[in-house]
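Chemist: Its first residue numbered 1, the sequence shown is counted upward by one per residue in our numbering.
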Amino acid sequence: MSSSPNSSKRIGIITSGGDCGGLNAVIKGAALAAIARGATAVVIPNGYAGLYNLVDIEHLVELTPKRLDAIQAGLAGSEAGHARVKVGAIPDNAKYERIREGLARHQISGLVISGGDDTGSVVVDLQGHGIRCVHAPKTMDLDLQPYSVGGDSTINRIAKLVRDLRTTAVTHNRVLIVEVFARYAGHTALYGGVAAEADCILIPEVPVQFPVVYRHMCERFMRRIRQSDVKAGAYMIVAAEGVKDETGKYIAVPGRKDSFGQVKLGGAGRYVAERLEAIARDDPRMQSFMKEQGMFVPGVYECPEIRDVTPGHLVRCGETSAYDVNFGMQAGAAAVHLLLAGESGVTVVDVDGQEIRCMRTEQAIRQRYVELERLACFEQFGFCFGREPQPYAPTFVKLRDDAVVKRYL
């Protein structure tokens, strides 16, 4: 953390990276806190692209009470706009001086920046070049060290979509794979899949053992259809886009990277569908089952349909969950309070009443993965994670009578 008190009270707000629920809550919380402290908040549009071009922008929107009335904290997306731009990769030797000139032109003394690990890495970069900024953590992937706005909203969206898709899967007796955003950490796929009571959840932390998934699929799919008076059943899989095959290799789009150098993942759902279908077609037990249930049609319908669905941006749009509205407004406000107190280069962790907790941004953006110890609890309920289930052997801890418990996912 660094302290550098500044007499100017004009604060710029930037949102960056992918959109998700809670960002408008961050903007609104930051602006309302600025107004309460006698400061001014302005929007720097288009993320880091807007910051780079700030020197050429004639006018910035001031977030007055009237303008804030037009921003709904409960809507996903961002009133400030986004652009995936890595400042350090801009081929301009004078880029940091250009940014400082833009900030000086608009009399901005500090920045509230909301984004994930890529955005946070630029916060660290800007701080290293003398540009004051505080990071309000945002990522639907939940892969930062602190909780990040957008995670709860996305989990709820995934759960609803998977529940809704089950109706079409049951109607057609299908195996359905729903591929969701997750990149390298499977938090949202895990908790969204559990909330939807999916049968199988595939996450990047567990390389997929397809024979295990197929065995689990056959047991549940066949049992449901046999037990149904109308011979109807389905099997639901939630697959994170960062799924790995047996060798530990990510399923990726060949040769494609984003502006931060990240490999573009995609096609996991289709890959899983093709692998399971190949096993099913070579399995004589599956054909026997299809004949037994009156489903088999030679050359046309010899094994169940295994389809993939990719909802894509549907899991990050629409409404913001109540939790993310609360956390987002508090995080945005906390970032302003930290800036006005002279702090910079830090990430908001949480707000507990009058206490604002923060940590150095370079530590906050370290990747946080799903702890594999969590999976056994769900495996005892019958969820499949693409591996042989592990025994659940809990230990017991009795807390002190005065203990205060705080936990999210």
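Beta carbons are placed, not taken as given, at the ideal position from N, Cα and C, and that holds for glycine.
So, do the region 222-230 and the region 187-200 have three or more beta carbon pairs nearer to each other than 8 Å?
Modeler: No: fewer than three Cβ pairs fall under 8 Å.
Chemist: Can you tell me which residues form a DSSP beta bridge with Ser114?
Modeler: Position 114 of the sequence shown, counted from the start, is the residue given in the question as residue 114. Partner(s): Thr15, Ala136.
Chemist: Just to confirm, are Gln425 and Lys231 a CB contact at a threshold of 8 Å?
Modeler: Any property of residue 425 remains undetermined from this structure, which presents the chain solely from 1 to 409.
Chemist: Can you pull the DSSP bridge partners for Asp350?
Modeler: For the purposes of this step, residue 350 is taken as the residue at position 350 of the sequence shown. Answer is Arg357.
Chemist: Give the single residue among Ala240, Tyr369, Ala34 whose Cα lies nearest to the Cα of Val178.
Modeler: As a first step, residue 178 must be located in the sequence shown, where it is residue number 178. Nearest option by C-alpha distance: Ala240.
Chemist: Assuming Ala333 and Ala33 make a contact with CB atoms under 8 Å, what is their CB distance in whole Å?
Modeler: The residue labelled residue 333 in the question sits at position 333 within the sequence shown. The residue labelled residue 33 in the question sits at position 33 within the sequence shown. The pair is a contact, with the Cβ atoms about 4 Å apart (cut-off 8 Å).
Chemist: Using three-state DSSP, classify Ala449 as helix, strand or coil.
Modeler: This structure leaves residue 449 out entirely; the chain is present only between 1 and 409.
Chemist: So Arg224 is in the alpha helix (DSSP H); what residue range does that whole segment cover?
Modeler: Position 224 of the sequence shown, counted from the start, is the residue given in the question as residue 224. Taken as a continuous stretch (DSSP letters only), the alpha helix (DSSP H) holding Arg224 covers 210-227.
Chemist: In angstroms with no decimal places, state the Cα-to-Cα distance between Leu165 and Pro304.
Modeler: Your numbering for residue 165 matches position 165 in the sequence shown. Your numbering for residue 304 matches position 304 in the sequence shown. Those two C-alpha atoms are separated by around 17 Å.
Chemist: Look at Gly29 and Gln330 and say whether their C-beta atoms are less than 8 Å apart.
Modeler: As a working note, residue 29 is residue 29 in the sequence shown. As a working note, residue 330 is residue 330 in the sequence shown. Against a cut-off of 8 Å, the Cβ pair of Gln330 and Gly29 comes out as a contact.
Chemist: Verify whether the separation of the beta carbon atoms of Val112 and Gly328 is less than 8 Å.
Modeler: In the sequence shown, residue 112 corresponds to position 112, counting from 1. In the sequence shown, residue 328 corresponds to position 328, counting from 1. Not a contact, by the Cβ cut-off of 8 Å.
Chemist: At what residues does the beta strand (DSSP E) containing Arg307 begin and finish?
Modeler: Locating residue 307 in the sequence shown gives position 307, counting from the first residue. Arg307 -> beta strand (DSSP E) spans 306-309.
Chemist: With DSSP as the reference, identify every bridge partner of Ser153, one or two as the case may be.
Modeler: As a working mapping, residue 153 is identified with position 153 in the sequence shown. Partner(s): none; Ser153 has no beta bridge.
Chemist: Would you mind reading off the limits of the beta strand (DSSP E) that contains Met290?
Modeler: What you label residue 290 is simply residue 290 of the sequence shown in a count that begins at 1. Taken as a continuous stretch (DSSP letters only), Met290 belongs to no beta strand (DSSP E), being part of the alpha helix (DSSP H) at 284-292.
Chemist: Mind the definition here: the region 32-52 touches the region 96-109 only if three or more C-beta pairs lie below 8 Å; say whether that holds.
Modeler: Touching, yes, given that three or more Cβ pairs across the two stretches are closer than 8 Å.
Chemist: Could you check whether Gly77 and Leu144 sit closer than 8 Å to each other, using their CB atoms as the reference points?
Modeler: The residue you call residue 144 lines up with position 144 of the sequence shown. The residue you call residue 77 lines up with position 77 of the sequence shown. The answer is no: Cβ separation not under 8 Å.
Chemist: For Arg163, which residues does DSSP report across the bridge?
Modeler: The count along the sequence shown starts at 1 and reaches residue 163 at position 163. Answer is none; Arg163 lacks a bridge partner.
Chemist: Return the CA-CA distance between Arg215 and Asp352, expressed in angstroms with no decimal places.
Modeler: For the purposes of this step, residue 215 is taken as the residue at position 215 of the sequence shown. For the purposes of this step, residue 352 is taken as the residue at position 352 of the sequence shown. The straight-line gap from Cα to Cα measures roughly 47 Å.
Chemist: Give me the residue from Ile14, Gly18, Val124 with the minimum Cα distance to Ile365.
Modeler: Counted from its first residue, the sequence shown places residue 365 at position 365. Ranking Ile14, Gly18, Val124 by Cα distance to Ile365 puts Val124 first.
Chemist: Indicate the three-state DSSP secondary structure (helix, strand or coil) for Tyr392 in the structure shown.
Modeler: Walking along the sequence shown from the start, residue 392 turns up at place 392. In the structure shown, Tyr392 sits in coil (DSSP, three-state: anything other than H, G, I, E or B).
Chemist: I'd like the span of the alpha helix (DSSP H) that includes Glu101, first residue to last.
Modeler: Here residue 101 is taken as the residue at index 101 of the sequence shown, counted from 1. Segment 95-105, the alpha helix (DSSP H) holding Glu101.
Chemist: Would you list the residues sitting across from Tyr271 in a DSSP beta bridge?
Modeler: Translated into the one-based positions of the sequence shown, residue 271 becomes position 271. BP columns for Tyr271 are empty, so no partner.
Chemist: Given this structure, state the Cα-to-Cα distance separating Met236 from Glu58, to the nearest angstrom.
Modeler: What you label residue 236 is simply residue 236 of the sequence shown in a count that begins at 1. What you label residue 58 is simply residue 58 of the sequence shown in a count that begins at 1. If I take the Cα positions, the gap works out to 52 Å.
Chemist: Along the beta strand (DSSP E) that carries Leu314, what are the first and last residues, could you check?
Modeler: Taking the sequence shown and counting its residues from 1, one reaches residue 314 at position 314. Segment: none, Leu314 is in no beta strand (DSSP E) and carries neither H nor E.
Chemist: Go through its chain and collect everything with a Cβ distance to His82's Cβ below 8 Å, but skip five positions before and after it.
Modeler: To locate residue 82, count along the sequence shown from 1; it is residue 82. Here the set comprises Thr15, Ser16, Gly17, Gly18, Asp19, Asn46, Gly47.
Chemist: Might you give, ordered along the chain, the residues of its own chain that have their beta carbon closer than 6 Å to the beta carbon of Val61, omitting 5 neighbours on each side?
Modeler: Within the sequence shown, residue 61 is the residue found at index 61, counting from 1. Result list for Val61: Val43, in chain order.
Chemist: Could you tell me the alpha carbon to alpha carbon distance between Phe378 and Lys160, rounded to whole angstroms?
Modeler: Working through the sequence shown from its first residue, we reach residue 378 at position 378. Working through the sequence shown from its first residue, we reach residue 160 at position 160. Cα-Cα distance, rounded: 19 Å.
Chemist: So, are the CB atoms of Val175 and Ile306 less than 8 Å apart?
Modeler: As a first step, residue 175 is located in the sequence shown; it is residue number 175 there, counting from the start. As a first step, residue 306 is located in the sequence shown; it is residue number 306 there, counting from the start. Closer than 8 Å, so yes.
Chemist: Out of Glu373, Pro211, Val349, which has the shortest C-alpha to C-alpha gap to Gly116?
Modeler: As a working note, residue 116 is residue 116 in the sequence shown. Of the candidates Glu373, Pro211, Val349, the one whose C-alpha sits nearest the C-alpha of Gly116 is Val349.
Chemist: How big is the Cα-Cα spacing for Leu265 and Gly21?
Modeler: Indexing the sequence shown from 1 puts residue 265 at position 265. Indexing the sequence shown from 1 puts residue 21 at position 21. Going from the Cα of Leu265 to the Cα of Gly21 covers about 22 Å.
Chemist: Rounded to whole angstroms, what is the Cα-Cα separation between Ile356 and Lys66?
Modeler: Here residue 356 corresponds to residue number 356 of the sequence shown, with the count starting at 1. Here residue 66 corresponds to residue number 66 of the sequence shown, with the count starting at 1. C-alpha separation (whole angstroms): 28 Å.
Chemist: Which residues in the same chain have their Cβ closer than 7 Å to the Cβ of Phe289, if we skip the five residues on either side of it in sequence?
Modeler: Taking the sequence shown and counting its residues from 1, one reaches residue 289 at position 289. These residues qualify, in order along the chain: Met222.
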